[in-house]
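Each step along the sequence shown adds one to the number in our numbering, with nothing skipped, and position 83 is 778. For reference, the structure discussed in these notes is given below.
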Amino acid sequence: MALRPYIVGNWKMNGNRAMLAEARAIDRGAQRYRSVQVALAPPFPLLALLHDEVSAIGVGAQDCHAAAKGAHTGDVSAPMLDDIGADFVIVGHSERRRDHGETDAIVRAKAEAALAVDLGVIICVGETLEQRDAGHAEAVVEAQVDASLPCGEGAAAAVAIGNLSVAYEPVWAIGTGRVAAVEDVINMHAAIRARLVAMFGDAGGKVRILYGGSVNGENASVLMEAPGVGGALVGGASLTADAFLPIVAAAAADED
Ligand code: 13P
């Protein structure tokens with residue numbers, strides 16, 4: 696059975712306690728679209744607070760450390776996220792790869808740490824503008840998929856129950872208002888799908904591949920209808936219910 700479309704709001708380093716009202720409004724709105732799986736990833740200080748305010752949507756973190764505990768000042772582990780009720784974690788976002796020097800190997804280790812405590816994992820991949828202009832976009836993303844995704848039995852089990860998703864986020868489309876051409880999204884999602892099937896067999900055919908990069912209420916329908924697109928990872932347009940819920944509605948309409 697195909698998994699529901701997955702619409703995830705990544706609040707990045709935005710938000711304060713006053714914004715929990717937006718999360719409540721998103722939660723209320725999401726209850727009208729049960730055919731869509733909706734989730735928010737707020738910054739760490741809001742995670743437990745937001746978790747206690749919502750019931751219909753998932754709540755996750757934007758990162759975790761690969762180790763379960765120890766001397767890693769400022770970091771947060773996957774078991775800690777699990778302990779406060781988080782459902783999932785995003786790993787390998789391009790902003791973390793850029794700002795914190797995260798390599799594919801680090802991203803894989805984080806993903807495996809999250810799967811070890813049964814958190815859902817969203818693994819981000821995507822090429823830079825220079826890489827796309829040089830004609831290397833698919834090769835770059837395929838290599839990221841091969842080296843960033845978890846492997847081993849834990850990974851196969853997570854894939855089988857829909858706990859692993861991949862987000863294709865072209866770096867040049869993030870926060871720029873410049874959304875990727877639908878044809879390029881379709882082609883890249885097909886390339887990622889081929890890698891997933893090579894890694895996980897038939898089960899890899901069901902992994903949700905989300906698109907991220909300047910998704911908003913206007914462009915969401917076209918993107919959600921595109922073959923191979925299993926949802927969206929949304930930044931700026933996830934910060935208010937007014938901006939986010941039309942994206943959820945677009946994903947629901949595609950299900951009808
Ligand atoms: P924007 O939707 O703001 O472009 O951000 C996309 C993103 O990076 C989500 O993780």
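For each residue, glycine too, the CB sits at the ideal point set by N, CA and C.
Checklist entry - Are residue 844 and residue 894 close, meaning C-beta to C-beta below 8 angstroms? => result Counted from its first residue, the sequence shown places residue 844 at position 149. Counted from its first residue, the sequence shown places residue 894 at position 199. Yes, Cβ-Cβ distance for residue 844 and residue 894 is below 8 angstroms.
Next on the checklist: For residue 761, tell me which candidate among 810, 755, 780 has the shortest Cα-Cα distance.
Outcome noted: Within the sequence shown, numbered from 1, the residue matching residue 761 stands at position 66. Ranking the options by Cα distance to residue 761, first place goes to 810.
Next on the checklist: Alpha carbons only, please: which of 867, 897, 912, 773 is nearest the one belonging to residue 784?
Outcome noted: By 1-based counting over the sequence shown, the position of residue 784 is 89. Among 867, 897, 912, 773, the Cα nearest to that of residue 784 is on 773.
Item to check | Whole-angstrom distance between residue 789 and residue 766, CA atom to CA atom | outcome: As a working note, residue 766 is residue 71 in the sequence shown. As a working note, residue 789 is residue 94 in the sequence shown. Using only the alpha carbons, I get a separation of about 25 angstroms.
Next on the checklist: Given this structure, state the Cα-to-Cα distance separating residue 723 from residue 730, to the nearest angstrom.
Outcome noted: Position 28 of the sequence shown, counted from the start, is the residue given in the question as residue 723. Position 35 of the sequence shown, counted from the start, is the residue given in the question as residue 730. Per the coordinates, the alpha-carbon of residue 723 lies some 14 angstroms from the alpha-carbon of residue 730.
Next on the checklist: Just to confirm my understanding: we take residue 899, look at its own chain, exclude 5 residues before and 5 after, and list those with CB closer than 6 angstroms. What are they?
Outcome noted: For the purposes of this step, residue 899 is taken as residue 204 along the sequence shown, with counting starting at 1. Cβ within range, chain order: 891, 892.
Checklist entry - Taking any heavy atom of ligand 2 as the mark, which residues have a C-beta closer than 6 angstroms to it, listed down the chain? => result Looking at this structure, you won't find ligand 2 anywhere; what it does contain is ligand 1.
Next on the checklist: I'd like to know whether the C-beta atoms of residue 910 and residue 929 end up nearer to each other than 8 angstroms.
Outcome noted: Counting from 1 along the sequence shown, the entry for residue 910 is found at position 215. Counting from 1 along the sequence shown, the entry for residue 929 is found at position 234. In this structure, residue 929 lies closer than 8 angstroms to residue 910 by Cβ.
Checklist entry - Fully enclosed by the region 816 to 843, which alpha helix (DSSP H) runs are 4 residues long or longer? => result For the region 816 to 843, whole alpha helix (DSSP H) runs of length 4 or above, ordered along the chain, are 824 to 828, 832 to 843.
Checklist entry - Between residue 925 and residue 940, which are expected to be in contact by the criterion C-beta below 8 angstroms, what is the C-beta distance as a whole number of angstroms? => result For the purposes of this step, residue 925 is taken as the residue at position 230 of the sequence shown. For the purposes of this step, residue 940 is taken as the residue at position 245 of the sequence shown. Cβ-Cβ separation between residue 925 and residue 940: approximately 19 angstroms, too far for a contact (criterion under 8 angstroms).
Checklist entry - So the beta strand (DSSP E) residue 699 belongs to, where does it begin and stop? => result In the sequence shown, counting from the first residue as 1, residue 699 sits at position 4. Residue 699 -> no beta strand (DSSP E), and no H or E assigned at all.
Next on the checklist: Could you tell me the alpha carbon to alpha carbon distance between residue 919 and residue 727, rounded to whole angstroms?
Outcome noted: As a first step, residue 919 must be located in the sequence shown, where it is residue number 224. As a first step, residue 727 must be located in the sequence shown, where it is residue number 32. Cα to Cα, residue 919 sits roughly 18 angstroms from residue 727.
Next on the checklist: Report the CB separation of residue 812 from residue 802 in whole angstroms; it is logged as a contact under 8 angstroms.
Outcome noted: Taking the sequence shown and counting its residues from 1, the one referred to as residue 812 is at position 117. Taking the sequence shown and counting its residues from 1, the one referred to as residue 802 is at position 107. In fact, because the Cβ distance is near 17 angstroms, the residues do not count as touching under 8 angstroms.
Checklist entry - Should residue 746 go down as buried or exposed, given a rule of 16 or more other Cβ atoms within 10 Å for buried? => result Position 51 of the sequence shown, counting from 1, holds the residue named residue 746. By the 16-neighbour rule on beta-carbons within 10 angstroms, residue 746 is buried.
Checklist entry - So, is residue 917 buried or exposed, given that buried needs 16 or more other C-beta atoms within 10 angstroms? => result Counting from one through the sequence shown, the residue named residue 917 turns up at place 222. In the assembly as shown, residue 917 is an exposed residue. Its beta-carbon has fewer than 16 other beta-carbons within 10 Å.
Next on the checklist: What residue range does the beta strand (DSSP E) around residue 860 cover?
Outcome noted: Along the sequence shown, one-based indexing puts residue 860 at 165. Judged by DSSP secondary structure, residue 860 falls within the beta strand (DSSP E) whose first and last residues are 859 to 863.
Item to check | Proximity winner among 743, 782, 764, relative to residue 755 (alpha-carbon distances) | outcome: Working through the sequence shown from its first residue, we reach residue 755 at position 60. Ranking the options by Cα distance to residue 755, first place goes to 782.
Next on the checklist: I'd like the list of long-range same chain contacts for residue 947, defined as Cβ closer than 7 angstroms, with 5 residues on each side in sequence excluded.
Outcome noted: By one-based count along the sequence shown, residue 947 stands at place 252. Sequence-distant partners of residue 947 (beyond 5 residues in either direction) whose C-beta falls short of 7 angstroms from its own C-beta, in its chain, are 728, 730, 731.
Checklist entry - Does the beta-carbon of residue 713 have 16 or more other beta-carbons within 10 angstroms, so that it is buried, or is it exposed? => result Start at 1 with the first residue of the sequence shown, and residue 713 comes out as number 18. Under this definition residue 713 is an exposed residue.
Checklist entry - Between 717, 877, 922, 721, which lies nearest to residue 888 when the distance is taken from Cα to Cα? => result Taking the sequence shown and counting its residues from 1, the one referred to as residue 888 is at position 193. Here the closest residue by C-alpha is 922.
Next on the checklist: According to DSSP, simplified to helix, strand and coil, what is residue 730?
Outcome noted: As a first step, residue 730 is located in the sequence shown; it is residue number 35 there, counting from the start. Under the three-state reduction of DSSP, residue 730 is assigned to coil, being neither helix nor strand.
Item to check | From 698, 697, 709, residue whose alpha carbon lies closest to that of residue 935 | outcome: What you label residue 935 is simply residue 240 of the sequence shown in a count that begins at 1. With distances taken between Cα atoms, residue 935 lies closest to 709.
Checklist entry - In the DSSP assignment, what residue or residues form a beta bridge with residue 735? => result As a first step, residue 735 must be located in the sequence shown, where it is residue number 40. DSSP output for residue 735 lists 704, 754 as bridge partner(s).
Item to check | Contacting residues, own chain, Cβ-Cβ under 6 angstroms from residue 819 (five flanking each side not counted) | outcome: Within the sequence shown, numbered from 1, the residue matching residue 819 stands at position 124. Cβ contact annotation for residue 819 (same chain, cutoff 6 angstroms, sequence separation greater than five): 787, 788, 862, 864, in chain order.
Checklist entry - Under 8 angstroms, do residue 666 and residue 704 count as touching if we go by C-beta distance? => result Since the first residue shown for the chain is 696 and the last is 951, residue 666 is missing from the structure and cannot be characterised.
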